[in-house]
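**Q** Would you mind keeping the following structure in view while I ask a few things?
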Amino acid sequence: MTTTVERVQSTRDIESTLTGFGTLLRFALRRERIRIPVWIAALTLLTLGTVAGFPDLYPTAESRQSRASLMDSPAATAMSGPGFGLDDYTFGAMLANEMIGFLAIFVALMSVLMVSRHTRHEEEQGRAELIRAGIVGRHASLTATLAVTMLTNVLLAVVLTVVIAGLGIETITWGGTALFAASLAMVGVVFAAASAVSAQVFEHGRAASGMAGALIGIAYALRAAGDMGNPALSWLSPIGWAQRTKSYVDGTALPLLLGLVVAGALVAVAFSLSTRRDVGAGLRQSQPGAAGASDALSTPLGFALRLHRGAVIGWTSAMFLFGAMYGSLASEVETFVEDNPAMQEFVQRMGSASFTQSWLASIMSMLAMVCSVFGVLAIVRMRTEETSGRAEPVLSTALTRPKWVTGHLAVALGGGAVVMLSAGLGLGLSAMASTGDSALLSDLLGAALAYIPAVWLATGLALTLFGLLPGAVHAAWVVLGYGLFIGMLGPLLQLPGWLTNLSPFSHVPQLPAVDVEFTPLVLLTAVAAGLVMLGFGALRQRDLESV
Amino acid sequence: MDGTTPAIAVSGLHKSFGRTHALDGLDLTVTRGEIHGFLGPNGSGKTTTIRVLLGLLKADSGTARLLGGDPWTDVASLHRRLAYVPGDVNLWPNLSGGEVIDLLGRLRGGLDTRRRDDLVDRFDLDPRKKGRTYSKGNRQKVAIIAALASNVDLLLLDEPTAGLDPLMEATFRRTIEEERKEGRTVLLSSHILAEVEALCDRVSIIRNGKTVETGTLAELRHLTRTSITAELAGPADGIAALANVHDLKVEGSKVRFDVETAALDDALRHLTSVGVRSLVSQPPTLEELFLRHYTEETARANGKATTS
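Protein sequences, first through last, are from chains U and B.
Per my numbering, the very first residue in the first sequence carries number 33; after that it's consecutive.
Per my numbering, the very first residue in the second sequence carries number -3; after that it's consecutive.
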């Protein structure tokens, strides 16, 4: 009698934590049925479009070698990769060296967003309770989420391999492409696992995805630091591992194994943390707040500031650190050049100081693109306020819509400027400390200042969408993705000027490497202002959408 | 503006979302100082109407006047004079209940701190808790206190007591009674019929975006049926032939039937002519009244389906 009961009990223990997994997996796949194909198609087409142009753009070995010599520079190393196979720069080596970093950012982003959407965001909305109340095991939901994300990454790898290797371009072999695609999937899987941990630790979905997003930034910066200086640092970054598979050059799958081990460990941590907390709660209990509102909170601006406070503080400090990490590499630029005979001729013509400056200018432009994410997020936040129904009681007071928007917009624009300057300050201080050139601090703060209009333009576009096509506010991300695409792959693809000019970031003078030009800055500010006006006008006329 | 302008005057209001007609020619008049019940099945357009009155939605056609002003254009001036409690309160996870109450009150143009403290006491709310940690009922209390702590002319309450416990619901009723004595106008959307019966001077029933009935509860009762159970001295002949008698059941000398209240007099006269040994008369309950109004459309649709 007792033995039967015990046996039933123990089988139940094993089964019970995963009960409902199959149903939840199908449910998650259904919820992602649009996003998964869109992500895979976008990333595949982007790669396809780039690779398909190679034979025309670089028809001869000489043209590829001249591209290789450009890639053997500190800026290219910091932005793209360590430059494996530069001696014999085949199409395959070109693809792996110049695209893995760029694609890895998006694959990681895709995975992080997918995991946090199905974990912490669900708990925050109270929908997770509905699921967990059913016949669902404790680990079923997280397991289903991770399974869907990993499945997506594997599918991406398969599609990418078939499409890219199927082109039949010389040196873009099936084996090389499979390794290239698997490296990207590995990055996705590691970040999915990291995001699963972050979802256990933070109580709010926004903080959880913010932390996971910051990890992507850190991984990117670590490999830049490792590729330019101490190679050990690159081994701390999943993106570094992906590059070290050396696909198309002398491929090795060992880094993939490392990635899988780390992902497995992170998943184990996530599961163990998830059993130590209640559904909906973070690892830390939330503290009681004030019994009443301060005077500062009771103004439209104060209220908006309070809602965005976490984001402003998080972004300002993260971008300062991000800038500082890159700034610390500034002294490596000279060492890098000294070791490279081809570069020395260049340096003799330009002077090494200006070489460091042009490196810093390209870092600054990348930092600016990341900073503009803050402004777009702040506008998206307003949309969340609207659809969650929280805007409704606020707009039922004497606070008018224009005043409500002004509060949030002030934080989006002002905060965007602060975040940008903080990145410049971090880069400047640390570049100054690393090179001993004290002029760099003011130069880089000036450069950060010059990028503020472009950052504002992205915010303005998001506001226009929020007013005119509120359901499509996320389309504002396309501008940032495009800016990053032009910044990282534009030169490789030798794109025509008008395509480059479509990115607002292309118009900002490359400070501190060149002299400041005010006309483009004034124009960018004017366009940003126009977009803001358009958004305001549209918002006054439309219905408030709440559920 | 004089005191005779209705607090709310809506006529022929239309509002569509895509192909859904949320409001289909809705009329609503709320006079000053009354508590007006706003009733209707789920999805009949109550919340949409309130959102139009708040200037959150722009009506497609028809007129809506609020306290003599236009709800879409006079947002700031009107909103200083009204307060709103949504049916589904979603609070900011990082703000405490007390902060939300003060914030909404001050954004409205100021709140009476004594009244606020009194209400926090009365509704037994811990104002220091953060948004996410409140239960549904407590979130509702935050919105109720925020609305009632301001000195306004008009209260728009959209199912305000959903999630409140019976004790708190009683507190809510007492508080609204006081508001009435202060001369405030209240538009109360509710599914809790006891609450409607206790508080409302007049009610409007809407269905599918149209007003189907407006009046005092007594007037509405008049439109419906009374059920009669009687034991008669003689045979129960002729009752079936009476106008406006429904669901007649005869068991020997016992009869049971429903009669429309307007025809009650005739029915009773007929019964007494036969001779009545015992009589039980039940006025229609509110539930019956509303169920009839809420389901009429469905009944009619079903009837159509079977006859065609």
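Ideal Cβ positions, reconstructed from N, Cα and C, are used throughout, including at glycine.
In this text, all values refer to a predicted model and were calculated from it rather than measured experimentally.
Taking all protein chains shown into account, decide if G158/U is buried (16 or more other Cβ within 10 angstroms of its Cβ) or exposed.
**A** The residue given as residue 158/U occupies position 126 in the first sequence. Exposed, by the Cβ-count rule.
**Q** In angstroms, rounded to a whole number, what distance separates the CA positions of W488/U and E155/U?
**A** Residue mapping note: residue 488/U aligns to position 456 of the first sequence, counting from 1. Residue mapping note: residue 155/U aligns to position 123 of the first sequence, counting from 1. So the two alpha carbons sit approximately 33 angstroms from each other.
**Q** Check whether chain B comes within 7 angstroms of T34/U, counting only Cβ atoms and requiring the distance to be less than that.
**A** For the purposes of this step, residue 34/U is identified with residue 2 of the first sequence, where counting begins at 1. Because the pLDDT of T34/U is 46, which lies under 50, any placement of that residue in the model is unreliable, and the question is left without a value.
**Q** Reducing DSSP to helix, strand and coil, say where A42/B ends up.
**A** Translated into the one-based positions of the second sequence, residue 42/B becomes position 46. With the sequence shown as reference, residue 42/B is identified as Lys, and Ala is not the correct amino acid for it. Of the three classes helix, strand and coil, the one that applies to K42/B here is helix, per DSSP.
**Q** Do the stretch 140 to 152 of chain U and the stretch 102 to 116 of chain U touch if we need at least three Cβ pairs shorter than 8 angstroms?
**A** Segments in contact, no.
**Q** Does the ligand GDP have even one heavy atom less than 6 angstroms from the beta-carbon of T109/B?
**A** Of the ligands one can find in the structure shown there are none, so the ligand GDP has no counterpart to examine.
**Q** Under the three-state reduction of DSSP, which class applies to E247/B: helix, strand or coil?
**A** By one-based count along the second sequence, residue 247/B stands at place 251. In the structure shown, E247/B sits in a strand (DSSP, three-state: E or B).
**Q** If I'm right that P544/U touches L392/U with Cβ under 8 angstroms, what's the distance once you round it to whole angstroms?
**A** The residue you call residue 544/U lines up with position 512 of the first sequence. The residue you call residue 392/U lines up with position 360 of the first sequence. Confirmed, Cβ separation roughly 6 angstroms.
**Q** Listed from N- to C-terminal order along the chain, which residues in the stretch 411 to 443 of chain U have their beta-carbon within a distance smaller than 7 angstroms of any beta-carbon of chain B?
**A** Hits within the stretch, in order: S420, G421, R422, E424, P425, V426, L427, S428, T429, A430, L431 and T432.
**Q** From L339/U to P332/U, what does the alpha carbon distance come to, in whole angstroms?
**A** In the first sequence, counting from the first residue as 1, residue 339/U sits at position 307. In the first sequence, counting from the first residue as 1, residue 332/U sits at position 300. If you take the alpha carbons of L339/U and P332/U, they lie about 11 angstroms apart.
**Q** Under 7 angstroms, Cβ to Cβ, is there at least one residue of chain B near A561/U?
**A** Residue numbering aside, residue 561/U sits at position 529 when the first sequence is read from its first letter. False, the Cβ-Cβ gap to chain B never drops below 7 angstroms.
**Q** Leaving out five residues before and five after V85/B in sequence, what residues of the same chain have Cβ atoms less than 6 angstroms from its Cβ?
**A** As a position in the second sequence, residue 85/B is number 89, starting the count at 1. For V85/B, where only same-chain residues beyond five positions count, the Cβ hits under 6 angstroms are R135, Q136 and A139.
**Q** How would you write the range of the alpha helix (DSSP H) that Y358/U sits in, first residue to last?
**A** As a first step, residue 358/U is located in the first sequence; it is residue number 326 there, counting from the start. From DSSP, the alpha helix (DSSP H) with Y358/U extends over P332 to G359.
**Q** Taking only runs of the alpha helix (DSSP H) that begin and end inside the stretch 227 to 265 of chain U, which ones reach a length of at least 4 residues, in chain order?
**A** If we require 4 residues or more, the alpha helix (DSSP H) runs fully inside the stretch 227 to 265 of chain U come out as 237 to 260.
**Q** At which residues does the alpha helix (DSSP H) containing A72/B begin and terminate?
**A** On the second sequence, position 76 is the one that residue 72/B refers to. A72/B -> alpha helix (DSSP H) spans V71 to H75.
**Q** Between the stretch 4 to 11 of chain B and the stretch 52 to 68 of chain B, can you find at least three pairs of beta-carbon atoms closer than 8 angstroms?
**A** Yes, since at least three Cβ pairs between the stretch 52 to 68 of chain B and the stretch 4 to 11 of chain B fall closer than 8 angstroms, the two stretches touch.
**Q** To the nearest angstrom, how far is the alpha carbon of G81/U from that of G159/B?
**A** Numbered from its first residue, the first sequence carries residue 81/U at position 49. Numbered from its first residue, the second sequence carries residue 159/B at position 163. Cα to Cα, G81/U sits roughly 56 angstroms from G159/B.
**Q** Would L287/B pass as a contact of E193/B if the rule is Cβ separation under 7 angstroms?
**A** What you label residue 287/B is simply residue 291 of the second sequence in a count that begins at 1. What you label residue 193/B is simply residue 197 of the second sequence in a count that begins at 1. Not closer than 7 angstroms, so no.
**Q** So the alpha helix (DSSP H) A297/U belongs to, where does it begin and stop?
**A** Taking the first residue of the first sequence as position 1, residue 297/U is located at position 265. Unbroken alpha helix (DSSP H) run through A297/U: L286 to S306.
**Q** Express the C-alpha separation of A297/U and T36/U in angstroms, rounding to a whole number.
**A** As a first step, residue 36/U is located in the first sequence; it is residue number 4 there, counting from the start. As a first step, residue 297/U is located in the first sequence; it is residue number 265 there, counting from the start. Here the model assigns T36/U a pLDDT of 49, short of 50, so the residue's position is not dependable, and the following value carries that caveat. For T36/U and A297/U, the distance between alpha carbons rounds to 35 angstroms.
**Q** Whose C-beta lies closer than 7 angstroms to the C-beta of H153/U among residues of the same chain, with five residues either side of it excluded?
**A** Here residue 153/U is taken as the residue at index 121 of the first sequence, counted from 1. Counting only Cβ-Cβ distances below 7 angstroms, and skipping sequence neighbours, we find G237.
**Q** Grouping DSSP H, G and I as helix and E and B as strand, with all else coil, what is F119/B?
**A** Translated into positions along the second sequence, residue 119/B becomes position 123. Note: F119/B maps to coil in three-state DSSP.
**Q** Are the stretch 143 to 159 of chain B and the stretch 72 to 90 of chain B touching by the rule of at least three beta carbon pairs closer than 8 angstroms?
**A** Because the criterion of three Cβ pairs below 8 angstroms is met, the stretch 143 to 159 of chain B and the stretch 72 to 90 of chain B touch.
**Q** According to DSSP, simplified to helix, strand and coil, what is Q136/B?
**A** Residue numbering aside, residue 136/B sits at position 140 when the second sequence is read from its first letter. Correct three-state label for Q136/B: helix.
**Q** Reducing DSSP to helix, strand and coil, say where H539/U ends up.
**A** Translated into positions along the first sequence, residue 539/U becomes position 507. Helix, per DSSP.
**Q** If you pair each beta-carbon of the stretch 14 to 22 of chain B with each one of the stretch 166 to 177 of chain B, do three or more pairs fall below 8 angstroms?
**A** The stretch 14 to 22 of chain B, when compared against the stretch 166 to 177 of chain B, does not touch it at the 8 angstroms Cβ threshold.
**Q** Counting only beta-carbon atoms, is P523/U nearer than 7 angstroms to chain B?
**A** What you label residue 523/U is simply residue 491 of the first sequence in a count that begins at 1. Answer no: the Cβ-Cβ gap between P523/U and chain B never drops below 7 angstroms.
**Q** Please name the residue, chosen from T209/U, I271/U and F352/U, that lies closest to L457/U on a Cα-to-Cα basis.
**A** As a first step, residue 457/U is located in the first sequence; it is residue number 425 there, counting from the start. The shortest Cα separation from L457/U among T209/U, I271/U and F352/U belongs to F352/U.
**Q** Is there a C-beta anywhere in chain B that falls below 7 angstroms from the one on D575/U?
**A** If you number the first sequence from 1, residue 575/U lands on position 543. Yes, its Cβ sits closer than 7 angstroms to a Cβ of chain B.
**Q** Pick out whichever of A236/B, S249/B, R198/B and W88/B has its Cα sitting closest to the Cα of T593/U.
**A** The structure shown does not extend to residue 593/U, since chain U is modelled only from 33 to 579, so the question has no answer here.
**Q** What are the residues that DSSP puts in a beta bridge with I224/B?
**A** Walking along the second sequence from the start, residue 224/B turns up at place 228. DSSP, once it has assigned bridges, lists F253/B and S277/B as partnering I224/B.
**Q** Identify, in the order they occur along the chain, each residue of the same chain with its Cβ nearer than 7 angstroms to the Cβ of F335/U, setting aside the five sequence neighbours on each side.
**A** The sequence position of residue 335/U within the first sequence is 303, counting from 1. L329 and G439.
**Q** Taking the beta carbon of N185/U as the centre, do at least 16 other beta carbons fall within 10 Å, making it buried, or is it exposed?
**A** Taking the first sequence and counting its residues from 1, the one referred to as residue 185/U is at position 153. Buried: at least 16 other Cβ atoms inside 10 Å.
**Q** Using a cut-off of 7 angstroms between C-beta atoms, extract the partners of F335/U located in chain B.
**A** Residue mapping note: residue 335/U aligns to position 303 of the first sequence, counting from 1. Within 7 angstroms Cβ-Cβ: L99.
**Q** Can you find the residues in the same chain that come closer than 6 angstroms, C-beta to C-beta, to T59/B, ignoring five residues on each side of it along the sequence?
**A** By 1-based counting over the second sequence, the position of residue 59/B is 63. Same-chain partners within the cutoff: S7.
**Q** Keeping to the same chain, check which residues put their C-beta closer than 7 angstroms to that of A251/U; ignore five residues upstream and five downstream.
**A** Taking the first residue of the first sequence as 1, we reach residue 251/U at position 219. Contacts found: S269, P270 and I271.
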